[in-house]
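Trainee:
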Amino acid sequence: MYKKPLQPRAIATEKRFLDALNDLLKDKSLGQLSIDEIADRAHLTRGAFLKRFGSKKQALFVLWALYCTRASEEMVAIAASLADFACVEDACMHMSIRLEHIQTLEFSTNRAMHEDFQENLRIDPQTKKIFLDCVDLMRQAQKQFNLADTASDAGAFAAAQLLITINYNYVLKAMPALPPNALKRHKLIGEVVALALKG
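Residue 121 in this note's numbering sits at position 124 of the sequence shown; the count goes up by one each step and never skips.
1. If you compare alpha carbons, which of V59, L175, I186, L194 is closest to P122?
2. Which term fits L129, buried or exposed, when burial requires 16 or more other beta carbons within 10 angstroms of its beta carbon?
3. Please state the DSSP three-state secondary structure of Y165.
4. Are any of the Cβ atoms in chain E nearer than 8 Å to that of F82?
5. I need the straight-line Cα distance from L144 to G152, nearest angstrom please.
6. Starting from Y64, trace the alpha helix (DSSP H) in both directions and tell me its first and last residue.
7. Check whether the stretch 85 to 104 touches the stretch 161 to 181, taking contact to mean three or more Cβ pairs, one atom from each stretch, closer than 8 Å.
8. Which residues in the same chain as F142 place their Cβ atom closer than 6 Å to its Cβ, once the five residues preceding and following it in sequence are excluded?
9. What three-state label does DSSP hand H40 in the structure shown?
10. Going straight from the alpha carbon of L175 to that of Y64, what length do you get?
11. How would you write the range of the alpha helix (DSSP H) that M135 sits in, first residue to last?
12. Kindly indicate which three-state DSSP category T101 falls into: helix, strand or coil?
13. Under 8 Å Cβ to Cβ from Q100, same chain only, skipping five residues before and after it: list those, please.
14. Is the Cβ-Cβ distance between L45 and A17 less than 8 Å?
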């Protein structure tokens, strides 16, 4: 059973393993990686890895939790800035830019979790939480831009799904038909998300 480290040395050891795993996931899937490879990259031992995490999958979930925390903090910051935008389309464009940025930075972890979902057909609880955080952000946008009276909660869910899925698939290089120009691409995504938000 995984326990979060409390002592400075244990925290530093965990970070070295997670940094190594994150680096290796840029070139290989989790299934292709061995614990020995992760330990070697971290300049630590296989035994230390197993004692810390118990399995590769558990280490991935710990890495994913760090991403989820970062993503949730990003959404809180976006919500706090909604009043800075003249219209909902501009706000949604900004959301798209920020989401693509963090998905690009943490692409290897996102891809590994997507592979875990495809393998097990199970959605991780942390994944559900950040999706619902995004839905809540969309609800706040509906209120900020006076859409709440006409828009539905289903619109907030649809907007969140579109924002996350389109950006993830673009970062995955699975949507090459989207404009390569970042400004045009995020304007388009922002308009699509805003349209869903109004529904």
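Note that the Cβ used here is the ideal one computed from N, Cα and C, for glycine as well. Since we're looking at a predicted model, the values are computed, not measured.
Mentor: Checking against the coordinates, here is how it stands:
1. V59
2. exposed
3. helix
4. Among the protein chains of the structure shown there is no chain E, as only one such chain exists.
5. 10 Å
6. 53 to 77
7. yes
8. V85
9. Coil at H40, not helix or strand.
10. 26 Å
11. 122 to 141
12. helix
13. Same-chain partners within the cutoff: N107, N164, Y165, V168.
14. Note that residue 45 corresponds to Ala in the displayed sequence, not to Leu. No.
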